[in-house]
Amino acid sequence: MSETDISAAIERVMGRVDYYLHCELDEEYEHDRPDAARRQLEAALRAELLRASAVGLVTTMTQAPTTPIMSRIFSANGFAA
1 MSETDISAAI
11 ERVMGRVDYY
21 LHCELDEEYE
31 HDRPDAARRQ
41 LEAALRAELL
51 RASAVGLVTT
61 MTQAPTTPIM
71 SRIFSANGFA
81 A
């Protein structure tokens, strides 16, 4: 992930953290379901982790060698492919 992607992910999650803390801790705030805010925070964290994992998989796949695996195996062992 690039620095821009990481910064955007942090901002998205921090927005949910702020909302959750506001619901849980602000005595003047009338929120009937702080557990809903907690679930939203958990979902945001899960989404960001899945997004980062997907980016990592795509990056790994695009950096994989293009030589077919059998050719690499046979050439490494001295056999003609």
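Position 60, counted from 1, in the sequence shown is what the UniProt record's numbering calls 60; the numbers after and before it change by one each time, with no gaps. C-beta: ideal position from N, C-alpha, C; glycine also.
When you compare the CB positions of residue i and residue j, do they come within less than 8 angstroms of one another, or not?
| i | j | result |
| --- | --- | --- |
| Y20 | R33 | no |
Return the chain-ordered list of same chain residues with a C-beta closer than 7 angstroms to the C-beta of residue i, the five sequence neighbours on each side being excluded.
| i | result |
| --- | --- |
| H16 | Per the sequence presented here, residue 16 reads as Arg, with His not at that position. Cβ within range, chain order: Q40, L41, A44. |
What is the C-beta distance between residue i and residue j, in whole angstroms, given that I count them as a contact (C-beta under 8 angstroms)?
| i | j | result |
| --- | --- | --- |
| A52 | M14 | With 8 angstroms as the limit, A52 and M14 do not qualify as a contact, their Cβ atoms being about 16 angstroms apart. |
Out of the options, which one is the CA nearest neighbour of residue i?
| i | options | result |
| --- | --- | --- |
| H22 | A9, I10, A36 | A36 |
| S7 | A54, D18, E48 | E48 |
| L50 | T4, A9, D18 | A9 |
Measure the alpha-carbon distance for residue i versus residue j and round it to whole angstroms.
| i | j | result |
| --- | --- | --- |
| D26 | R46 | 25 angstroms |
| E24 | D18 | 10 angstroms |
| D5 | R12 | 11 angstroms |
| E3 | A54 | 16 angstroms |
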